[in-house]
Each structure stands twice: as C-alpha cells, then as structure tokens.
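This report concerns only the one structure given below.
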Amino acid sequence: MFDATTLDAWLAHIEDLHAKQIDLGLDRMSLMVKKMAIAFPTQTVITVGGTNGKGSTCSMLESIYRTAGYTTGMHTSPHLIRMNERCVVNGREVSDERLMAAFREVEEARGEMTLSFFEYTALAILRIFVEEKVNVVILEVGLGGRLDAINTIDSNAAVVTTVGIDHVAFLGNTREKIGWEKAHIFRKDCPAVCSEPDVPTTVLEKIEELGAKRTVAGLDYRVTVNADTTFDFDMGDTSWKAMAEPALKGVNQYQNAGGVLALVTSLQDRLPVTREEVEEGLAKVRLTARFELITDKPVPTVIDVGHNPQAAEVLRQNIARSKVLHEKTLAVVGMLADKDMESVMRILKESFDEWFVASLTGPRAATKDQLAEAMRAAGIEKEKMTTFDDVASAIAAARSQAETILSPNASSAMTDAKDTVRIVIFGSFVTVTAALDVFASEGIKR
88 MFDATTLDAW
98 LAHIEDLHAK
108 QIDLGLDRMS
118 LMVKKMAIAF
128 PTQTVITVGG
138 TNGKGSTCSM
148 LESIYRTAGY
158 TTGMHTSPHL
168 IRMNERCVVN
178 GREVSDERLM
188 AAFREVEEAR
198 GEMTLSFFEY
208 TALAILRIFV
218 EEKVNVVILE
228 VGLGGRLDAI
238 NTIDSNAAVV
248 TTVGIDHVAF
258 LGNTREKIGW
268 EKAHIFRKDC
278 PAVCSEPDVP
288 TTVLEKIEEL
298 GAKRTVAGLD
308 YRVTVNADTT
318 FDFDMGDTSW
328 KAMAEPALKG
338 VNQYQNAGGV
348 LALVTSLQDR
358 LPVTREEVEE
368 GLAKVRLTAR
378 FELITDKPVP
388 TVIDVGHNPQ
398 AAEVLRQNIA
408 RSKVLHEKTL
418 AVVGMLADKD
428 MESVMRILKE
438 SFDEWFVASL
448 TGPRAATKDQ
458 LAEAMRAAGI
468 EKEKMTTFDD
478 VASAIAAARS
488 QAETILSPNA
498 SSAMTDAKDT
508 VRIVIFGSFV
518 TVTAALDVFA
528 SEGIKR
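Just so we're aligned, residue 88 is where the sequence shown starts under this note's numbering, counting upward by one.
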C-alpha cells in the first residue's frame, strides 16, 4: 500500500491514480462510502450546488452555525493555496497530518479501484467529519449535481445558488439543462433552497417531482436591499428588518445571504439560531478572492475568481459600484481554455482601461495568445492589451503602469493629475492562486 510522509507526496500520488481529471458518476463513490462506513445519522448535512456563489454560501452557513455554538465541518473546492483549505473543522483548516491519516484510510479501503482526485480527497474529508462528530456538515458540490461525488451523501437540506452557463461539455449548453443537473441535490421532504429569483423551470419541476420543500427567492422568500446597505429578509412568519450588510463584499452577496437565511429559517426546528447569531456570523465570515481587496501597496489590488459569464456580470457591477472619480482600472487576467472567454470579455470590455493578459499553466490553460484572440473578438482594442508568459510578469507590468499613472510627471495620454488607479486580478482560480504566490513572496498575506 502506498504511504508517504508529506502532503505533497500524497497529492502527487492521488493526482496520478485516475486517467481522467473529471470523471462524473456515483458508482465508485457509493462503494467507497460503504467500505469506509461514512454516514451522518444524527448530524445535519447541508449540500450546496450552483454555478457561482457556492463558496460564499458555504462560508456564511459555517460562520452562522459556529457562532450559534454548533460544531461544524465544511468541505469546499477547489483550494487556492493549500489542500487543507478544503477541510475546515470548527473554523480551522485541518493539519497536514490529519489529512494524511485520512488519505491512508482511503488508500486501504480502495484496493485496486482508481478514484479521481476529487473523489479521493472528498472521501478523506468526509471521513474526518465522521470522526470529529461535528453537528453540522456543509458540503460544496464539485461540478453539477446529479453525478457529482458529493451527491452520494444524502442531505437534510440543499441550496442551489445560481444557474449559469458553465462546464457545458458535462452539464449541457442551456440553463434549463444545467439547472436540471443541479436540482438532483435536493431530497424528498427536505428544504430545497434556490437563491436566485430567475430559477429555470426544470429546477422547479425537479423539486416537485422529488417532493422536496420548495424555498425559492422571489416566490417563497424575499430580500430587499436598503439605501443604507442594510437588507430586509422576509419568509413566512420570519421578518428580519435592517440586517447588517454581509462582510463579504459585492452586490451578489445579498442574494447569497438571502439563500443562507432561507435555509437557516427552514432548519430552525432542527438547528435553532437567533437573529443576533445570524448577524454576527455574517459579520465574521471571510472568503478569499471574492472581490477581495488583498493589498493597497503599491496600489489597491483586488482579486476575484470570476471565470464565467455570470460571474463576469457580478464583477462588472462590483467594479462600477466601487469606482471612484478619475480612477483608472487595470486588469490582470488569465483564463482556462474551456471557459467561454469571449462572452466574459464582452461583458467586461468597458470595465478596464488597460489589460495585462497572462498565460496560465496546466492542461486546461489558455495561452496569452488564445485569450487575446477571444478579447479582440469581444471588441477589446488590441492597443489596450499587453501579453505576458505568466501571471507574475503581468502583475509586475500592471504595477509599473499604475506607478506611471500616479506619477506627477507622467505624460501618458491616459493620465490626469487627479488620477487614482487600482488593479483587478481575475479570470480563474489558477490566476488568483498565482497572484497569491506573488503576494506571499512579498510578505503580503490575508
């Protein structure tokens, strides 16, 4: 049986096991769950799926329930810097040693069976949650819903955050098809929360077919954002007025918070939570790279993992909402080749004054030339683009240009004596991870 003394060695082993990086299906996972005695008979299990907003929703739920005194286990993916980010127990990432011990259990149980990276790591994390005997298990779906490994685990409640066009090779090329796939995470007689009001008909039909308890934004609950940035939440007998703005920034976070509050309200008999605990949980929640100001030196720099059209629209709104007078906004961008690069760029083409375009690494990565071609097709002028071999070089060039804009002696045509500037780094988890490596080397940590 394979064994290793470092987490990196384990992860290299797991990555090499299975022929396909993405291999949907429940057969392998179902067998392994039985072999490893993974079950949560007394815990509350919450499954979170959707195109965008899954990470924010999971983090809000975890923070609220932990604030209310429950013990929590949260599985999310992908990770940005450390594998440990995927397994959080009571608000803390588990140690390398804890993960490696769980990997050994998976390795022993699997025999000759190969598992995808996602299946293998999810099994280890689930096993940790069983052993920790947490009260609340929060599970982020990896891709889709119907055939995702996480859907092997029955939940007591589930949330579909949003339904957008993404992963079309696996889920279909319309919101109706993709919504149908995602709606399979719902269960009979359990709360089925949909956080966006524009929910595809297929999702509503699947909820009815399954006999789940429909809880849909705009139909079964309502979120109203007030002029002072507070928001109201109304659902049945629950009416919470002037709730404080969530700590996670961005216009989309009100919608995510609404879905979270709908689920919390639906589970009150099972997991009682007060308004005060909800507000404190929303105020304390933290999540990397969701329109996050990572540093203000040498210039304000925001990171965002947005990588599909729906996320691009949210990013566009957040940039417009936070833009100040005379501000120049510079983009550092890298994307994966299997994403809808042209649509993303068409949405964001008016949001940036200059573009610093980077090649990414990995089997799915888009080169700088591929991305630049998609940008030109979207209507972005070639003169506004500069291409680079990697994210680090693009960041360095964007910073240099920012210093030029801020210089009192600058003579650039796009420079004004009153100009301010910020950099927004986006396009992929891979892009943000590379950026965080740059910041970490400079001693900038979140």
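Ideal Cβ positions, reconstructed from N, Cα and C, are used throughout, including at glycine.
The beta-bridge partner set that DSSP reports for alanine 279 consists of Ala245, Arg301. A contact between stretches requires three or more CB pairs, one per stretch, nearer than 8 Å, and the stretch 358 to 372 meets this requirement with the stretch 328 to 335. In this structure, valine 444 sits away from alanine 479, with a CB-CB distance that is not shorter than 7 Å. Of the residues Cys174, Cys145, Lys426, Thr239, the one whose Cα lies closest to the Cα of aspartate 114 is Thr239. Only residues of its own chain outside the window of five on either side were considered, and among them Pro287, Thr289 have a CB closer than 6 Å to the CB of glutamate 263, listed in chain order.
Across the structure, asparagine 339 and serine 143 are spaced so that their CA atoms are roughly 10 Å apart. Residue state for lysine 532 is assigned as coil, using DSSP reduced to three classes. Taking valine 280 as the centre and dropping the five residues before and after it, the same chain places the C-beta of Ala244, Ala245, Val246, Val247, Thr302, Val303, Gly346, Ala349, Leu350, Ser353 closer than 8 Å to its C-beta, in chain order.
Straight-line spacing of the CA atoms in aspartate 183 and isoleucine 212 works out to 12 Å. Remark: C-beta atoms of asparagine 405 and glycine 251 do not approach each other more closely than 7 Å. It is roughly 45 Å from the alpha-carbon of leucine 297 to the alpha-carbon of lysine 532. Counting only the Cα atoms, glutamine 397 lies some 24 Å from threonine 317. When secondary structure is reduced to three states using DSSP, isoleucine 265 falls in the helix class.
For glutamate 149, no beta strand (DSSP E) run applies; the uninterrupted alpha helix (DSSP H) run containing it begins and ends at 141 to 154, by DSSP. Taking C-alpha positions only, lysine 426 is separated from phenylalanine 439 by approximately 20 Å.
Per the coordinates, the alpha-carbon of arginine 433 lies some 5 Å from the alpha-carbon of alanine 465. Out of Lys455, Ser150, Glu206, Gly140, the CA that lies nearest to the CA of leucine 111 is found in Glu206. In this structure, glycine 421 lies near threonine 518, with their beta-carbon atoms less than 7 Å apart. A straight line joining the alpha-carbon of glycine 156 with that of leucine 148 spans about 13 Å. The beta carbon of aspartate 476 sits closer than 8 Å to those of Ala445, Ser446, Lys455, all from its chain and outside the five residues before and after it, given in chain order.
Under DSSP, aspartate 391 shares a beta bridge with Phe513. The alpha-carbon separation between glutamate 180 and valine 132 amounts to approximately 19 Å.
Distance between glutamate 460 and histidine 105, taken at the CA atoms: about 33 Å.
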